[in-house]
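Protein chains in written order, with this note's numbering: chain A, 18 to 568; chain B, 3 to 332.
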Amino acid sequence: MSGAPKHAPKPDQIEYYDPEQLLRVDYRRTPAGDWMDEPADIRPGNFIYPAKPQKLEYIGFPNAREWSPLDPDWKLPPNWKEIVFQGMRERLEKYRSFKVFMDSCVRCGACADKCHFYIGSGDPRNMPVLRAELLRSVYRNDFTAAGRILGRLAGARPLTPEVVKEWFLYFYQCTECRRCSVFCPFGIDTAEITMMARELLNLLGVNVNWIIQPVADCYRTGNHLGIQPHGLKDTLEFFADDIEEVTGVRVAVPINKKGAEVLFVTPSGDFLADPGVYTCMGYMALFHEIGLDYTFSTYASEGGNFGLFTSAEMMKRLNAKIYAEAKRLGVKWILGGECGHMWRVLHQYMDTMNGPADHLEVPVSPVTGTRFEHARSTKAVHVMEFTADLIRHGKLKLDPSRNDGRRVTFHDSCNPARAMGMLEEPRYVLKHVCNDFFEMPANTIREMTFCCGGGAGLGTEENMEVRLRGGLPRGNAVRHVQEKHGVNQLAAMCAIDRATLSTVCEFWAPQVKVTGVTELVANALVMKGENERTLNFRKEPMRGGPEAGHV
Amino acid sequence: MRILVPLLAVIALLLAPIVGVEALGWRWLFGVVLPYAAAAVFAVGAVAKVLSWARSPVPFRIPTTCGQQKSLPWIRQAKVENPSTAAGVIARVALEVLCFRSLFRNTRAELRDGRLSFLSTKWLWAAGLAFHYSLLVILVRHLRLFLEPVPRLVLGVEALDGFFQVGLPAVQVTTVLFLAAAAFLFLRRVLSPPLRYLSLAGDYFPLLLLVAIGLSGAWMRHVSKIDLPAAKAMVMGLLSFSPRPSAALGAAFYAHLFLVSVLLAYFPFSKLVHMGGIFLSPTRNLTANSREVRHVNPWNPPVAVHTYEEYEDEFRQRMREAGLPLEKEA
């Protein structure tokens, strides 16, 4: 415990929050009135700053302006209602999911306590059903006969500026994790509803900078972090230096290399953010060791896609770079790194939006000869599928004892779990690269995994209260295995997880450190010509546990 | 408001035909005109609703995967929870429709002493299943009024349903189950604070209406002892478009018939359409093989893209200095 802080912490710092206080959640206490009469409570700590006008202008998004959610007037366009109705009408015609999900909910409430934000906050509007009702109520009012005639009796309410504020608050308190949709008897997917609501908000210029800035930067520089080509080269060279320092092996840094067999795409979080950078070093060491003929790209230097969190159109505009670059470089197929929502896009949207990728070939592992038939059409293989196949065929020399001291648990990232179903591959890999692996409780993993609380563009700091509350279920499960099995390392194959879960663990399960899976693979990987390994990529002693010797 | 209005509405709807038939003798209105109108509204409304859903395309393949994907041959795929074939999808939807698969997963979150637990809870699933299956059996039992000769299946179901042989005529298991399940679903909504908070009038109304229908039916069978041949004659008359409202049938019958008419007319405009929604839910009814087979979006529009050429034009100088390969040296 620290003494009195020198400066009083602010709502965007975790020191501002007290776990005991956040844990005072009572699901049985609900506000007295009708939720439709309850204005949204927007206050520091629970909302994200609006998008900067120049970023919106760069990608051609409407109503770029300076404004604050704390202002009474949000400077909506004069015909804002018409824009919303027209936007809804268009999307109801374009998406069966939206139309069916607007009609088929019976409000059975099975989804309610499945949402990490509801579990952590007890705020009824965080129950997925009520989150959807925020939009449904307007749909009923203006698109259904019953709503037009019976009004509130039919669950309808008119669209007002207050409703827009409520949408802004609550549709940016949903991480599109889809956990509720696993439990819904009608398969209603709140992610789908949140996506529609965010598209509508974007039409009004009501959006958040944490999403729009990465989108604009990605559009321009090829990655969310705005790393320019020479900067990316420096970064990767620096990683190669670090790899050489700890292993004695100099790995190549192939960038924009024409004629390479494989284009490797990974979230840019792996280039810059601790602990993602160690995962990136892991990829480079692994690919070097197996002699993979691959290349990074600076133009398509982002696997993630924050466009997914704005609109289908923006998602497509960003995603288009991957196939275009694969074509330009003349590669045969695409290998993708550890990322969550990136795989939602690569698995469920890329081929539909920007395919068919006829210029590529069905992926075949050059090391094992395995043909990845399940990726026959997209030509995109996940690095865990690739690595699991390598291990299965005995192509890697692994010494799992190098990870001794690391007592590891695995966090299923929402999208690989619920929009892909990649559950066994990472577990297979983990069990081969470390000796101490422990699962979190069954209702918190695999398809029932809990979000980190910072996905879908919420992983910033000004909404720290929301994130810590949303991170409670995951943090609690980590705490459980920490106490039961002495777990000190949480592995996750998602760049957002690696960043946000570090915060979640610091708050809810202190001393547990976060790692990527490939980082652990590379720790265990015995490389040809390596020095006697004493350090891992974090330059901590091997076999020491994550905190030993950490500076 | 959300409970009281539906309750009063159902009471009013129950009293209307009683007064109408007993005091005013409006048998044609309650026994012929309104049932026909309701059936027409139901048929047109339900078809229109399903067509309206079907008219919107499914642009993206968005199944919620609830099990292991099909990937490497030595990893066992969850063929139903993450289906890659049509057979898997059929099994998945069938499990959902027939067994309420997803609801079976239900858990209850509890936060006690700073610890979260997620306990399995099957009550909602059990009550939901009991409610819907009793409703189905009750519908099948009613076929004896609609078909001549009465099919063996219907008689068999009825015999099985009255297995316990309590009372005369025998109390049917499904009548009791139906009312008990409805009572559970109603009480759950009222007694659970979060659920009460999110429930709409449109959640209470159909439930209360169905209870009123059930009670009026049970009343006819067990208390007022309906004249069954007269009822059948009247129903057959309606079906053959030669309606003859019967004076031999009391107010209970007309009340029952009217409430069913209300239910039918209400159906297409309410949450009761959830029945069709499950078949058309894109998170459940699609194969999850979107990397294997390309899914086509009928409205996939061209979009503005920041091309490589534009990118290189902006960064060429720095790329050259960094020794990165270029398309254009100029």
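Beta carbons: idealized from backbone N, C-alpha and C, even for Gly.
Alpha carbon to alpha carbon, how far is residue i from residue j?
i                      : j                      : result
residue 481 of chain A : residue 63 of chain A  : 7 Å
residue 146 of chain B : residue 278 of chain B : 26 Å
residue 287 of chain B : residue 65 of chain B  : 7 Å
residue 202 of chain A : residue 542 of chain A : 45 Å
residue 235 of chain B : residue 116 of chain A : 42 Å
residue 264 of chain A : residue 548 of chain A : 6 Å
residue 201 of chain B : residue 102 of chain A : 25 Å
residue 85 of chain A  : residue 218 of chain A : 15 Å
residue 338 of chain A : residue 527 of chain A : 40 Å
residue 365 of chain A : residue 455 of chain A : 30 Å
residue 207 of chain B : residue 493 of chain A : 40 Å
residue 195 of chain B : residue 73 of chain B  : 44 Å
residue 324 of chain B : residue 512 of chain A : 27 Å
So residue i is in the alpha helix (DSSP H); what residue range does that whole segment cover?
i                      : result
residue 351 of chain A : Unbroken run through residue 351 of chain A is the beta strand (DSSP E), 350-353; no alpha helix (DSSP H).
residue 21 of chain B  : 6-24
residue 68 of chain A  : Per DSSP, residue 68 of chain A belongs to no alpha helix (DSSP H) and is neither H nor E.
residue 38 of chain A  : 36-39
residue 337 of chain A : 329-346
residue 103 of chain A : 97-111
residue 365 of chain A : 358-365
I'd like the span of the beta strand (DSSP E) that includes residue i, first residue to last.
i                      : result
residue 281 of chain A : 279-282
residue 233 of chain A : From DSSP, residue 233 of chain A is part of no beta strand (DSSP E) but of the alpha helix (DSSP H) over 226-238.
residue 112 of chain B : 109-114
residue 121 of chain B : 117-122
residue 532 of chain A : 530-532
residue 427 of chain A : 425-428
residue 399 of chain A : 397-399
Verify the CB distance criterion: does residue i have a CB-CB separation below 8 Å to chain D?
i                      : result
residue 270 of chain A : This model lacks chain D altogether, as its protein chains are A and B.
Comparing alpha-carbon positions, which option in the options lies nearest residue i?
i                      : options                       : result
residue 143 of chain B : B:72, B:176, B:269 and B:30   : B:176
residue 23 of chain B  : B:258, B:59 and B:99          : B:258
residue 195 of chain A : B:68, B:174 and B:178         : B:68
residue 394 of chain A : B:331, B:294, B:305 and B:189 : B:294
residue 231 of chain A : A:83, A:323, A:438 and A:123  : A:323
residue 143 of chain A : A:154, A:128, A:156 and A:155 : A:128
residue 315 of chain A : A:235, A:309, A:329 and A:296 : A:235
residue 92 of chain A  : A:423, A:223, A:524 and A:233 : A:223
residue 313 of chain A : A:156, A:332, A:281 and A:403 : A:281
residue 53 of chain A  : B:266, B:244 and B:199        : B:199
residue 374 of chain A : A:358, A:388 and A:347        : A:347
Are there 16 or more other CB atoms within 10 angstroms of the CB of residue i, so buried, or fewer, so exposed?
i                      : result
residue 141 of chain A : buried
residue 197 of chain A : buried
residue 530 of chain A : buried
residue 119 of chain A : buried
residue 271 of chain A : buried
residue 504 of chain A : buried
residue 174 of chain B : buried
residue 111 of chain A : buried
residue 192 of chain B : exposed
residue 199 of chain A : buried
residue 101 of chain B : exposed
Are the C-beta atoms of residue i and some chain B residue less than 8 Å apart?
i                      : result
residue 18 of chain A  : With a pLDDT of only 41 at residue 18 of chain A, under the threshold of 50, the placement of this residue in the model should not be trusted, and no figure is reported.
residue 555 of chain A : no
residue 146 of chain A : yes
residue 85 of chain A  : no
residue 80 of chain A  : no
residue 364 of chain A : yes
residue 566 of chain A : Confidence is the limiting factor: at residue 566 of chain A the pLDDT is only 42, short of 50, which leaves the residue's position unreliable and the question unanswerable from this model.
residue 219 of chain A : no
How about residue i: is its C-beta nearer than 8 Å to some C-beta of chain A?
i                      : result
residue 275 of chain B : yes
residue 205 of chain B : yes
residue 135 of chain B : no
residue 284 of chain B : yes
residue 201 of chain B : yes
residue 120 of chain B : yes
residue 113 of chain B : yes
residue 186 of chain B : no
residue 271 of chain B : yes
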